[in-house]
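Just so you know, the protein sequences line up as chains A and B, in that order.
This note's numbering puts the first residue of the first sequence at 14, with every later residue one more than the last.
This note's numbering puts the first residue of the second sequence at 658, with every later residue one more than the last.
See below for the structure under consideration.
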Amino acid sequence: MAGIVVNQQKITDIDGAIGLCPFNAIEYKDHQVQTNAACKMCMICVKKGPDGAFTYIEEAKKEINKDLWKGIAVYVDHLDGDINPVTHELIGKARELAGKINHPVYAVFIGSNIQEKAEELLHYGVDEIFVYDEPGLKEFKIEPYTVAFEDFINRVSPSTVLVGATTLGRSLAPRVAARFKTGLTADCTILDMKENTDLVQIRPAFGGNIMAQIITPNHRPQFATVRYKIFNAPEKSEVVKGKITSCSLPNEKLESKINILQINQKEAEESISDAEVIVVAGRGIKKEKDLDLVYKLADALGGQVACTRPLIEAGWGDPRKQIGLSGRTVRPKLIITCGVSGSVQFKAGMSNSEVIIAIDEDPKAAIFDVAHYGIVGDIYQVIPTLLEEIKSV
Amino acid sequence: MEIVVCIKQVPGTTEVKVDDRGNLIRDGIDSKMNPYDLYAVESALKIKEDKGWKVSVITMGPPQSEAVIREAFMMGVDDGYLLTDRKFAGADVLATSYTLSQGVKKTGNPQLIICGKQTTDGDTAQVGPEMAEYLGIPHVANVKKIHEVKENSIIVDLDMATTLETVEIQYPCLITVEKGIFQPRLPSYKKKKETIKKQIFTYSLKDLTDTDEVNYGASGSPTQVERIFPPDVNNDKEVWTGAGDDLGKRLFKKLVELKFM
Ligand SMILES: Cc1cc2nc3c(=O)[nH]c(=O)nc-3n(C[C@H](O)[C@H](O)[C@H](O)COP(=O)(O)OP(=O)(O)OC[C@H]3O[C@@H](n4cnc5c(N)ncnc54)[C@H](O)[C@@H]3O)c2cc1C
Ligand SMILES: Nc1ncnc2c1ncn2[C@@H]1O[C@H](COP(=O)(O)O)[C@@H](O)[C@H]1O
């Protein structure tokens, strides 16, 4: 069994050893220091504990032949043929990763009446697009979409599969990953490729101020989801090198236990992901009423207001206005944070913004680690003065 | 007719404490039910009240996770299942989903499985769909309303990114529910007294159908944490200090200079 093994001889300070673990997974029982079911294999004890006290024992795994898996595949996220721009961002990233290991870039496009749209994608540097165009795939239903995705993987054996972390992608990717009993890392913020074709997946983890680098060393394909606006979209090119391959599936494989009764378009709403200027309220804002300051500043700048998670949880804003790992990703031209400490989860959603101005009274606040202009001061003084100045012109 | 709700114990505070060197420090004892799972429990209890279905909860975690099952009892849940074993430790999404899917089979023959939208610590929203795959049943995510609970199917509204869909899904199936689908009830003191000694069905690896330990915990997890590190620091920045008024004026000038004004 893979896991942490404790070498009792190397432990001199029992309480110190227990205290190593942020998850309370180290305990002293039957005169031994042990790890329990709460262990998350985060390796903090291995790294921070006395030399040799905690070691990670790996399962003797069947080595797989990674050469049999080739290509970086991107799932084309769309609604009725309208391609979600996260797809272009992922194609750009896939190109970059594929370049390092000399793999092709694939796209898998599942839907109905989508042939033309597929051609459009060839302008973004895909080598081959596999199109599953069937009337039975018009609406997203989990079973037929999984069948088509599965067919694609069996046919192509891609090494890596990237899926946009959209509402649809977050439902489909885990389903397909589980079908292949392989790994899936959600909401990656950085991706890289090793020479041995292992995908390096980096994301904030363990609910703390820490990033984890995750790999899928013994399984293929390796699945990762990425949010919209994390990566740059490539420029559209006039040259087209790739090709389109049509794939078909027999109707009886497209059956579903889900019956769609009605689809209503939601009212289009302005999304913070598309805003050019954003002013963010954090817990430095003491009362709901004080959000007024933030709204005024946003208005003066022609921007939108967003919030950190605690404010959303307190019901002070619409969940769609939350920036961060469990909210939206933004990369506006200007972002001003007001009383935001800069947790790793928050930064994951905004650190690529062009100009970051942070106002916080705590000079040690982590938000200053990503800010271009760090303003150490009280928002209740800085913002009103700023508003005054703006008014006076 | 039976419902199983998947619930998880998570750290109680969203405030994660970090020491001077940027390392995580202990959570403390403060743990609670994943807030999103309260909506899942409430949804099940509503169906119980309307249709008389039986509601069980299941959780995988350390022995202390029993507390969230007790909390569910206090809300009115009928049975509780705890899957706990050192061999389950270090499970990633795949191993977690597999263990839960094995556990669900111990609860009987549920028509409906309800998960929360996501956990506040793992935050992947993937456990539900992966479980459904292991159980070989259909699933829908982002359920924001339950319209009708029928004999053989359930009609629900899904909150997709740009559309609102009404779908009918046949049993057995799995749904993950949005925050706000119902207002979760508070635990009741009366139920607490009634259930204080109530048995929790506790299972370890040897009790499951598949007892091969390579499928569980760290061994059954295709993903591996290779290293952890503190987030990047941008050293190319200006830091301003001084009186609030001056900072405000200076910021105004800067915004003009950067042409945002
Ligand atoms: C899995 C997971 C996912 C998460 N996802 C997200 C997410 O998507 N988005 C998100 O935001 N959070 C997320 N969080 C929560 C995150 O860890 C933090 O708790 C949260 O971002 C903190 O919000 P905050 O900065 O507003 O509050 P705090 O951390 O409390 O910071 C408040 C700041 O205001 C400053 N301040 C107070 N008064 C003043 C004043 N008068 N003037 C100036 N400054 C002042 C303080 O110095 C402090 O720095 C997540 C957590 C987990 C575990
Ligand atoms: N260890 C667990 N035990 C029981 N249910 C879980 C567990 N982990 C996740 N879940 C369920 O899966 C949902 C999504 O979790 P996650 O994928 O971690 O965001 C949660 O809201 C729970 O309903």
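All C-beta atoms, glycine included, are put in the ideal place defined by N, C-alpha and C.
Item: Could you give the first and the last residue of the continuous beta strand (DSSP E) run that contains H796 of chain B?; Value: H796 to V806
Item: If we define contact as Cβ-Cβ less than 8 Å, is Q881 of chain B a contact residue for chain A?; Value: yes
Item: Alpha carbon to alpha carbon, how far is V902 of chain B from V395 of chain A?; Value: Strictly speaking, residue 902 of chain B in this sequence is Asp, with Val absent from that position. Approximately 6 Å, taken between the alpha carbons.
Item: Just how far apart, CA to CA, sit G679 of chain B and K79 of chain A?; Value: Here G679 of chain B scores only 49 on pLDDT, less than 50, and its place in the model is too uncertain to base an answer on.
Item: So, is the C-beta of Y386 of chain A closer than 8 Å to a C-beta in chain B?; Value: yes
Item: So with Cβ pairs under 8 Å, would you call G679 of chain B a contact of chain A?; Value: Because the pLDDT at G679 of chain B is just 49, under 50, the model does not fix this residue reliably, and the value given afterwards should be weighed accordingly. So, interface residue.
Item: Can A697 of chain B and T48 of chain A be called in contact, C-beta distance under 8 Å?; Value: no
Item: For a test of your reading of the model: does the CB of N691 of chain B fall under 7 Å from any non-hydrogen atom of ligand 2? Yes or no.; Value: yes
Item: Please compile the residues from chain A whose C-beta is within a distance smaller than 8 Å of the C-beta of F745 of chain B.; Value: A50
Item: Cβ closer than 7 Å: which chain A residues qualify as neighbours of R727 of chain B?; Value: Ordered by position in chain A, no residue passes the 7 Å Cβ test against R727 of chain B, which lies about 18 Å from the chain.
Item: Would you mind telling me which residues of chain B sit closer than 7 Å to H11 of chain A, beta carbon to beta carbon, in chain order?; Value: Residue 11 of chain A is absent from the structure shown; chain A starts at 14 and stops at 406.
Item: What does the alpha-carbon distance come out to for the pair L324 of chain A and E301 of chain A?; Value: 9 Å
Item: Kindly say whether C58 of chain A, judged by its beta-carbon, lies nearer than 8 Å to any beta-carbon of chain B.; Value: no
Item: Checking contacts by CB at 8 Å: is F839 of chain B closer than that to chain A?; Value: no
Item: Name the chain B residues whose beta carbon is nearer than 8 Å to that of R188 of chain A?; Value: P786, E787, A789, E790 and H796
Item: Could you tell me the boundaries of the beta strand (DSSP E) in which K42 of chain A lies?; Value: I39 to K42
Item: For a test of your reading of the model: does the CB of D353 of chain A fall under 7 Å from any non-hydrogen atom of ligand 1? Yes or no.; Value: The identity of residue 353 of chain A in the sequence shown is Val, whereas the question assumes Asp. Yes, ligand 1 has a heavy atom inside 7 Å of this Cβ.
Item: Let me confirm a value: N222 of chain A is counted as buried when at least 16 other C-beta atoms fall within 10 Å, else exposed. Which label applies?; Value: buried
Item: Within its chain, find whatever has a CB closer than 8 Å to the CB of R842 of chain B; leave out the 5 residues flanking it on each side and keep chain order.; Value: E699, L702, M732 and G733
Item: By the 10 Å Cβ neighbour count, where 16 or more other Cβ atoms means buried, how is E401 of chain A classified, buried or exposed?; Value: exposed
Item: Just tell me which of A:T398, A:L314 and A:I348 has its CA closest to the CA of F917 of chain B.; Value: A:L314
Item: Please list the partners that L92 of chain A has in chain B, where partner means a Cβ-to-Cβ separation under 9 Å.; Value: M817, A818, T819 and T820
Item: Does the beta-carbon of R884 of chain B, which I'm using as the reference point, lie nearer than 7 Å to any heavy atom of ligand 4?; Value: The model on display carries ligand 1 and ligand 2 but not ligand 4.
Item: When the Cα atoms are used, what is the spatial distance from E280 of chain A to V800 of chain B?; Value: 18 Å
Item: List, in order along the chain, the chain B residues whose C-beta lies closer than 8 Å to that of V357 of chain A?; Value: P888
Item: Would you list the residues sitting across from T173 of chain A in a DSSP beta bridge?; Value: A:I85 and A:Q235
Item: Under 8 Å Cβ-Cβ, which residues of chain B neighbour F381 of chain A?; Value: K894 and V896
Item: Rounded to whole angstroms, how far is the Cβ of E147 of chain A from the Cβ of L267 of chain A, which I believe are closer than 8 Å?; Value: 6 Å
Item: Thinking C-beta only, is I715 of chain B closer than 8 Å to C663 of chain B?; Value: yes
Item: What number of angstroms, rounded off, separates the C-alpha of Q666 of chain B from the C-alpha of M224 of chain A?; Value: 22 Å
Item: In chain A, which residues lie less than 7 Å from T823 of chain B when you measure between Cβ atoms?; Value: L274 and Q275
Item: Could you compute how far the alpha carbon of G352 of chain A sits from the alpha carbon of D205 of chain A?; Value: 33 Å
Item: Let me know if K242 of chain A comes out buried or exposed under the rule of 16 or more other beta-carbons within 10 Å of its beta-carbon.; Value: buried
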